[in-house]
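Numbering (the working numbering), first residue to last: 1088 to 1295.
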């Protein structure tokens, strides 16, 4: 029966085996640049209850064409052209995980094509995530104020690897191969966390 064990990696990924992990939270804000909303966006009445209004017009908004939500007066756009959970469907992987790169240039999504990265301005897919063996990936995370994504391999064998994708260049760099007693990464959403500065990684892996 396989067991699960917590691990922490630091800096150039020296392995520390800890059962209790203390995280170091930087003093700066949570992810690079803040988004400034227009003065008339949102609502100011904390006691108000709003009935969501339909978008103007009929049908689904066009791909990458900004529309304004009449209830909250904020603009948004469709980043995929999917109309169902097939044929290009992709969503943010999990609510507490960062979808956008630090500068909001890219967005990391998960869908019927696996993990992909889209250019926010154009809505075009710029990368489909794959490990150095051209297989799928697990638990991808943006790495601090960079365009790099850290991820684990696809759990296709008993060797557990940590790698990094540079979204700009498309290059994949192996970072760390775990000792033999770590075999696969546990892929429950948010069980693997990267610190804000990209120096610390906590996760949950299986052992024999």
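Ideal Cβ placement from N, Cα and C applies to all residues, glycine included.
Please report the straight-line C-alpha distance between residue 1230 and residue 1283, rounded to a whole angstrom.
Counting from one through the chain shown, the residue named residue 1230 turns up at place 143. Counting from one through the chain shown, the residue named residue 1283 turns up at place 196. Rounded to whole angstroms, residue 1230 to residue 1283 spans 8 Å at the Cα level.
Keeping to the same chain, check which residues put their C-beta closer than 6 Å to that of residue 1151; ignore five residues upstream and five downstream.
Here the question's residue 1151 lines up with position 64 in the chain shown. Closer than 6 Å at Cβ, skipping near neighbours: 1164, 1210.
Taking its Cβ as the centre, do 16 or more other Cβ atoms sit within 10 Å of residue 1181, making it buried, or is it exposed?
Translated into positions along the chain shown, residue 1181 becomes position 94. Exposed, because fewer than 16 other Cβ atoms sit within 10 Å of the Cβ of residue 1181.
On the premise that residue 1257 lies in contact with residue 1286, defined as a C-beta separation below 8 Å, what is that separation, rounded to the nearest angstrom?
As a working mapping, residue 1286 is identified with position 199 in the chain shown. As a working mapping, residue 1257 is identified with position 170 in the chain shown. Contact between residue 1286 and residue 1257 does not hold, since the beta-carbon distance rounds to 24 Å and is not under 8 Å.
Return the CA-CA distance between residue 1254 and residue 1234, expressed in angstroms with no decimal places.
In the chain shown, counting from the first residue as 1, residue 1254 sits at position 167. In the chain shown, counting from the first residue as 1, residue 1234 sits at position 147. The straight-line gap from Cα to Cα measures roughly 6 Å.
Need the endpoints of the beta strand (DSSP E) that residue 1205 sits in, please.
Position 118 of the chain shown holds residue 1205. For residue 1205, the enclosing beta strand (DSSP E) has its first and last residue at 1201–1206.
Under a Cβ-count criterion, where at least 16 other Cβ atoms within 10 Å of its own Cβ denotes burial, should residue 1251 be classed as buried or exposed?
The sequence position of residue 1251 within the chain shown is 164, counting from 1. By the 10 Å Cβ count, residue 1251 comes out buried.
Within its chain, find whatever has a CB closer than 8 Å to the CB of residue 1176; leave out the 5 residues flanking it on each side and keep chain order.
Residue 1176 sits at position 89 when you count from the first residue of the chain shown. The residues are 1167, 1169, 1198, 1199.
Helix, strand or coil for residue 1246, going by three-state DSSP, please let me know.
Stepping through the chain shown from its first residue, residue 1246 is reached at position 159. Three-state DSSP puts residue 1246 in coil, outside helix and strand.
Output the distance between the C-alpha atoms of residue 1260 and residue 1219, rounded to the nearest integer angstrom.
To locate residue 1260, count along the chain shown from 1; it is residue 173. To locate residue 1219, count along the chain shown from 1; it is residue 132. So the two alpha carbons sit approximately 7 Å from each other.
Using DSSP with H/G/I as helix, E/B as strand and the rest coil, what is residue 1251?
Residue 1251 sits at position 164 when you count from the first residue of the chain shown. Of the three classes helix, strand and coil, the one that applies to residue 1251 here is strand, per DSSP.
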